[in-house]
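Notes for the one structure printed next.
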Amino acid sequence: MKTSPSSILITGVSSGIGRATLDVFHQKGWLVIGTVRREEDAEALRALYPDRLHVMVFDVARPMEDHLALVEDLRNLLDGRGLDVLVQNAGVAQGGPLAWQSESDVREIFETNVLGVFKLTKAAVPLLQERKPGRMVMISSVSGLLVTPFVGAYAGSKFALEAFTDAYRNELGMLGIRVIGIQPGPVATPIWAKARAISDKYLHTPYSDILARQEEFIQQAESRALPVDRVVRTVVQAATADQPRSRYLLVTNPWLVRIAKLLPDRMKDKMIMARLGQAKKW
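Under this note's numbering, the first residue of the sequence shown is numbered 3, with each subsequent residue one higher.
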């Protein structure tokens, strides 16, 4: 018999999907461990949830030895009981014309969204093995299926995460660990404020006319954004269902995504350019 309560580690819980997921699992009586990058965010969460919540100040982009130290702290915290669920949620989303993005920005995206997942998984596998069937939930993105202009680096990291999800699902599945991917479209989180700031950063580039209209595109995306609770409900299902799906695609019209993947590149490109008001130049 498993010792109650069940345990879950969620990375990136200061806001958005991570924070909402933390709230729900804490309300369900789970022992919740969350990571944030800033001490002030950790203090705010500790004040709000004094019981059954442990917040660790940790950046998943840190070196491997720091991940191993984090997991050793978890092992002591869990008193040898193992970890039931790991939610790989931490990520960064910096947009911009790919040829104009700085190496440091692109490196940060991949260090966090890809290598951060790799290092934490490598460190945490022994803990997940102890709670068969342990589970790992990968928060990916619809950008791991389709790429649109000005999110190339972010989409590249999510395509890599999709490949990792496939590999982990098979390899860790042999060890009794289930791996589930979640692919949300736009979600109503604070990320939109960041997107506005990033678009201004590239107004000096040859794409200035398009980026000057970015507010219009962002408002359109915000109007179609999924409520964060829909994503959280899916995380709960992935973490607790007897037979979860291997992947959950969360967009308003999933059939459009599936059809778009089947279209010839030329046709798909024309549709994207038309949406950006660039059809005549294409």
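For every residue, glycine included, the Cβ atom is placed at its ideal position computed from N, Cα and C.
Under the three-state DSSP convention, the category residue i falls into
i: S106; result: helix
i: Q96; result: coil
i: L265; result: coil
i: M3; result: Note that M3 has pLDDT 45, beneath the 50 cutoff, so the model's placement of it is unreliable and the number below is only indicative. Note: M3 maps to coil in three-state DSSP.
i: L85; result: coil
i: V230; result: helix
i: R21; result: helix
i: H206; result: coil
i: M275; result: helix
i: G136; result: strand
i: R180; result: strand
i: W32; result: coil
i: Q90; result: strand
i: P246; result: coil
i: Q280; result: coil
i: P256; result: helix
i: T37; result: strand
i: V26; result: helix
i: V62; result: coil
i: E113; result: helix
Proximal residues to residue i (C-beta, below 6 Å), its chain only, five neighbours per side dropped
i: A125; result: H69, L70, V73
i: K121; result: M66, H69
i: L33; result: P7, S9, R54
i: M3; result: Here M3 scores only 45 on pLDDT, less than 50, and its place in the model is too uncertain to base an answer on.
i: E113; result: A63
i: S16; result: V38, D43
i: Y170; result: V181
i: I179; result: L130, G136
Whether residue i touches residue j by CB criterion (8 Å)
i: M140; j: V181; result: yes
i: G136; j: D211; result: no
i: V59; j: R77; result: no
i: N91; j: T13; result: yes
i: V230; j: A101; result: no
i: R226; j: P188; result: yes
i: L148; j: V259; result: yes
i: I19; j: V233; result: yes
i: L11; j: L88; result: yes
Residues of its chain near residue i, where Cβ-Cβ distance is below 7 Å and the 5 sequence neighbours each way are ignored
i: H56; result: I35, L79
i: Y156; result: A95, Q96, G97, I111, S145
i: L129; result: V73, L76, R77, G84, L85
i: E288; result: Look at the range of the chain in this structure, 3 to 284, and you will see that residue 288 is not part of it.
Range of the contiguous beta strand (DSSP E) that encloses residue i
i: S159; result: From DSSP, S159 is part of no beta strand (DSSP E) but of the alpha helix (DSSP H) over 154-173.
i: M58; result: 55-59
i: R249; result: 249-252
i: T13; result: 9-13
Span of the alpha helix (DSSP H) around residue i
i: V149; result: Element bounds for V149: n/a, residue is neither H nor E.
i: M66; result: 66-80
i: V127; result: 118-131
i: A293; result: Limits of the chain in this structure are 3 at one end and 284 at the other, which puts residue 293 out of reach.
Same chain only: Cβ atoms within 8 Å of residue i, ignoring 5 sequence neighbours per side
i: Q239; result: P246, Y250
Whole-angstrom C-beta distance between residue j and residue i, which should lie under 8 Å
i: P151; j: L278; result: 7 Å
i: L228; j: A262; result: In fact, because the Cβ distance is near 18 Å, the residues do not count as touching under 8 Å.
i: T242; j: L252; result: Their Cβ separation, rounded to whole angstroms, is 17 Å, which puts T242 and L252 out of contact at 8 Å.
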